[in-house]
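Participant: Below you'll find the structure I mean.
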């Protein structure tokens, strides 16, 4: 099995290293990740200029572009013909309408558009807490192993969000959950001509049974998204 691994937090991110460590046990891993953090860039693609690619090793590429650029370059130029593209693990969740501005999700979406099976992997982070990446790996590994044995219908990809419960060894329940369409809380504070976003992520509205409610209630949410 050949796996392309990318993200939007940058090639040195702990979530990427965690994902590469897992994936290396299942087959050949090719890393094609942004040189710098690209969180929140959505599905932006570079088409009006060159995209620099630094080949760090035979299977590790540092790309001076967006996550969608990384997916497109990996699948078309750097390492064509993978079985899956894995994007993440994002340091923060990508729930509900986040899927439209997330670079992590955009990389998986670009892969699906190009006909490759893909999954975006994110980890909800509660306010003022940090992620235990070893525990995240322990909780995600069996689920991801099952996902890689399955097929995904053409034009679709998967989005997985880990919750942020107390850090113990408790096994988490995984639930299929539709993407919530509720808007984010739109709130700004003003200082002269400057406006600073002040919405509280943890207080966002949610629909019953949705990915937001599932993850916020301490379960792993898995959603199928159609491009």
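Residue numbers (my numbering): 1 to 227.
Just so it is clear, CB atoms sit at the ideal spot from N, CA and C, and this is done for glycine as well.
This one's a predicted model, so the numbers in the text were calculated from it and none came from an experiment.
1. Do residue 120 and residue 61 have their beta-carbon atoms positioned less than 8 Å apart in this structure?
2. Once you ignore the five residues that flank residue 52 on each side, which residues in its own chain have a CB closer than 7 Å to its CB?
3. Return helix, strand or coil for residue 7, following the three-state DSSP convention.
4. Does the separation of the CB atoms of residue 7 and residue 87 fall below 8 Å?
5. Whole angstroms are fine: how far does the CA of residue 223 sit from the CA of residue 117?
6. Determine the burial state of residue 202: buried for a count of at least 16 other Cβ atoms within 10 Å of its Cβ, exposed for fewer.
7. Going by the DSSP bridge assignment, what does residue 63 pair with across the sheet?
8. Run through the DSSP bridge pairs and tell me what residue 43 is partnered with.
9. Nearest-angstrom Cα distance between residue 213 and residue 205?
10. Where does residue 188 fall in DSSP's three states?
11. If you reduce the DSSP assignment to three classes, tell me which class residue 145 lands in.
12. Determine whether the beta carbon atoms of residue 210 and residue 96 lie at a separation below 8 Å.
13. Taking residue 151 as part of the beta strand (DSSP E), name the residues at either end of that continuous run.
14. Using three-state DSSP, classify residue 94 as helix, strand or coil.
Facilitator: Quick look at the numbers:
1. No Cβ-Cβ contact shorter than 8 Å links residue 61 with residue 120.
2. 64
3. coil
4. yes
5. 14 Å
6. Answer is exposed; the Cβ neighbour count stays below 16.
7. 34 and 53
8. None, per the DSSP bridge assignment.
9. 9 Å
10. strand
11. helix
12. yes
13. That residue, residue 151, is in no beta strand (DSSP E); it is neither H nor E in DSSP.
14. coil
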